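Visitor: In my numbering, the protein residues as written are 117 to 463.
I'd like to ask you about the structure that follows.
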């Protein structure tokens with residue numbers, strides 16, 4: 117005999133809202149009263165969902181698919197107007213927050229990307245498409261590892277590996293979204309490429325490009341569509357000089373306009389990182405007011421290259437606590453992009 121459904125109360129106190137891009141939901145820092153535990157509670161309006169039962173079905177798949185690089189769902193509950201998903205609270209925040217503290221090194225970009233791609237591979241193996249990959253939705257664990265989160269837009273694929281989606285985050289829209297509402301996992305691959313692109317160039321550059329399509333406070337959708345469909349947004353013409361060519365090639369492949377020209381899986385993207393090595397991995401870029409500075413510390417040796425807004429450069433090296441010495445060949449009145457790259461590769 118089937119047991120009737122039991123209904124019980126779950127009590128938690130919502131704290132302050134945790135900021136994120138997009139308004140498909142709200143996320144709050146919260147405390148579960150019964151467990152005396154700190155959580156992150158995602159609050160979703162039922163009116164925004166096409167099918168509440170379908171949402172719970174997809175959330176249950178995530179609950180069952182435990183993975184090191186996927187943020188777990190502790191439990192789900194609802195009231196008359198909202199659905200609530202309880203997840204761990206991550207003190208280290210998101211990858212977007214990490215980016216706000218400064219540029220990442222290439223080694224960090226590859227490490228974080230490999231980690232969240234491992235989680236994405238797990239999601240894809242369950243027949244799901246995430247549909248909302250961006251730095252906001254990649255959280256950092258207590259160990260500093262990247263974990264894929266926020267599955268509010270995730271959909272189960274059907275025959276042919278496709279899933280429908282009509283709620284898409286504008287800045288991360290792939291070209292095919294302007295022509296169809298049925299997608300494959302290549303949708304996620306594009307958003308992965310755009311996420312890694314943002315890690316490489318910095319969010320400020322990405323936002324500046326997007327703002328070029330905003331006119332009188334509103335997005336010019338026609339111009340934006342034209343740029344995305346024709347591969348003009350984002351601009352892949354000029355990456356910071358410390359970004360290796362092989363990583364740029366990986367990003368460009370992810371962002372290919374025809375979906376079939378992108379990588380076919382998350383694991384293929386990870387495999388493309390294998391050949392990225394050498395002196396460029398650990399340079400850290402900082403920029404302010406048009407001035408740029410790259411620094412790298414290896415053992416007791418510290419290297420530095422400063423390039424001011426006018427193009428004048430000063431290159432130095434220091435061993436231990438010894439004297440700071442100029443690297444004369446790279447101290448120039450107007451250093452070229454090629455010479456910047458040469459210094460970063462050779463030192």
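Cβ atoms here follow ideal geometry from the backbone N, Cα and C, with glycine treated the same way.
Since this is a predicted model, take the numbers as computed values, not measurements.
1. Comparing the CB of residue 288 with every heavy atom of the ligand NAP, is any distance shorter than 7 Å?
2. To which residues does DSSP link residue 280 through a beta bridge?
3. Strictly by DSSP, which residues pair up with residue 193?
4. Should residue 190 and residue 202 be called a contact, given that it needs their Cβ atoms to be closer than 8 Å?
5. Quick one: what does DSSP say residue 446 is sitting in, helix, strand or coil?
6. Would you list the one or two residues that DSSP bridges to residue 410?
7. Using 10 angstroms around the beta-carbon of residue 231, count the other beta-carbons present and answer buried if the total reaches 16, otherwise exposed.
8. Counting Cβ pairs closer than 8 Å, one from the stretch 272–287 and one from the stretch 219–236, do we hit at least three?
9. Using CA coordinates, which residue listed in 438, 386, 192, 264 is at the minimum distance from residue 212?
10. Can you check which of these residues, 397, 277, 157, 167, is closest to residue 356 by C-alpha distance?
11. Among the residues of its own chain, which have a CB less than 8 Å from the CB of residue 425, if the five just before and after it don't count?
12. Where does residue 351 sit, in a helix, a strand or coil, going by DSSP?
13. Pull up the distance between the alpha-carbon of residue 462 and that of residue 395, whole angstroms please.
14. Is the beta carbon of residue 421 less than 8 Å from the beta carbon of residue 364?
15. For residue 330 versus residue 291, is the C-beta spacing smaller than 8 Å?
16. To the nearest angstrom, how far is the alpha carbon of residue 117 from that of residue 366?
17. What is the DSSP secondary structure of residue 322, reduced to helix, strand or coil?
18. Got a sec? Which residues, its chain only, sit under 6 Å from residue 419 by beta carbon, not counting five neighbours each side?
19. Does DSSP put residue 142 in a helix, a strand or coil?
20. Taking the alpha carbon of residue 260 as the reference point, which residue from 185, 131, 172 has its own alpha carbon closest?
21. Would you call the CB atoms of residue 247 and residue 287 closer than 8 Å?
22. Quick one: any contact between the stretch 167–174 and the stretch 137–156, if contact means 3 or more CB pairs under 8 Å?
23. Taking the Cβ atom as the reference point for each residue, do residue 281 and residue 294 lie within a distance shorter than 8 Å?
24. Since residue 153 and residue 225 should fall inside the 8 Å C-beta cutoff, what is the C-beta to C-beta distance between them, to a whole number of angstroms?
25. Is the distance from the Cβ of residue 308 to the Cβ of residue 239 below 8 Å?
26. Please state the DSSP three-state secondary structure of residue 225.
27. Taking only the alpha-carbon atoms, compute the straight-line gap between residue 334 and residue 320 and give it to the nearest angstrom.
28. Give me the Cβ distance between residue 409 and residue 402, rounded to the nearest whole Å; I'm assuming they're in contact under 8 Å.
29. Taking residue 292 as part of the alpha helix (DSSP H), name the residues at either end of that continuous run.
30. Since residue 229 and residue 305 are thought to touch, with beta carbons under 8 Å apart, how far apart are those beta carbons, to the nearest angstrom?
31. For residue 444, count the other beta carbons within 10 Å of its own beta carbon; 16 or more makes it buried, fewer makes it exposed. Which is it?
32. Report the partner residues of residue 156 according to the DSSP bridge assignment.
33. Between the C-alpha atoms of residue 137 and residue 160, what's the straight-line distance to the nearest angstrom?
34. So, is residue 297 buried or exposed, given that buried needs 16 or more other C-beta atoms within 10 angstroms?
35. DSSP three-state label for residue 210, please.
36. In angstroms with no decimal places, state the Cα-to-Cα distance between residue 384 and residue 258.
Guide: On the basis of the data shown:
1. As for the ligand NAP, it is missing from this structure, which has no ligand bound.
2. DSSP lists 298 as partners of residue 280.
3. Beta-bridge pairing links residue 193 to 200.
4. Closer than 8 Å, so yes.
5. Under the three-state reduction of DSSP output, residue 446 falls in the helix class.
6. 401, 421, per the DSSP bridge assignment.
7. Per the 10 Å Cβ criterion, buried.
8. Contact annotation: the stretch 272–287 does not touch the stretch 219–236, with fewer than three C-beta pairs closer than 8 Å.
9. Residue 264 holds the alpha-carbon nearest to the alpha-carbon of residue 212 among 438, 386, 192, 264.
10. Looking at the Cα atoms, 397 is the closest of the given residues.
11. Taken in chain order, the residues that qualify are 405, 406, 407.
12. The answer is coil: DSSP assigns residue 351 none of H, G, I, E or B.
13. Approximately 7 Å between the Cα atoms of the pair.
14. In this structure, residue 421 lies away from residue 364, with their beta-carbon atoms at least 8 Å apart.
15. Not closer than 8 Å, so no.
16. Reliability fails at residue 117, whose pLDDT of 46 lies under 50, so the model's placement of it is uncertain and no value is given.
17. Correct three-state label for residue 322: helix.
18. Listed in chain order, the non-local C-beta contacts of residue 419 below 6 Å within the same chain comprise 412, 433, 463, local neighbours out to five positions each way being set aside.
19. Three-state result, residue 142: strand.
20. Comparing Cα-Cα distances from residue 260 to each of 185, 131, 172, the minimum goes to 185.
21. No, the Cβ-Cβ distance between residue 247 and residue 287 is not below 8 Å.
22. With the cut-off at 8 Å, the stretch 167–174 and the stretch 137–156 do not touch.
23. Taking the C-beta atoms as reference points, residue 294 is found no nearer than 8 Å to residue 281.
24. At roughly 33 Å, the Cβ-Cβ gap does not stay under 8 Å, so residue 153 and residue 225 are not in contact.
25. In this structure, residue 239 does not lie closer than 8 Å to residue 308 by Cβ.
26. Correct three-state label for residue 225: helix.
27. Distance between the alpha carbons of residue 334 and residue 320 is about 19 Å.
28. With a Cβ gap of about 5 Å, residue 409 and residue 402 count as contacting.
29. Careful: residue 292 lies outside any alpha helix (DSSP H) and carries neither H nor E.
30. Rounded to whole angstroms, the Cβ separation of residue 229 and residue 305 is 12 Å, and the two are not in contact under 8 Å.
31. Answer is exposed; the Cβ neighbour count stays below 16.
32. The secondary-structure analysis by DSSP pairs residue 156 across a beta bridge with 145, 203.
33. With a pLDDT of 48 at residue 137, under the threshold of 50, the modelled position of that residue is not reliable, and no figure is offered here.
34. Its Cβ having fewer than 16 others within 10 Å, residue 297 is exposed.
35. Taken through DSSP and simplified to helix, strand or coil, residue 210 comes out as strand.
36. Near 28 Å, if we compare the C-alpha coordinates of residue 258 and residue 384.
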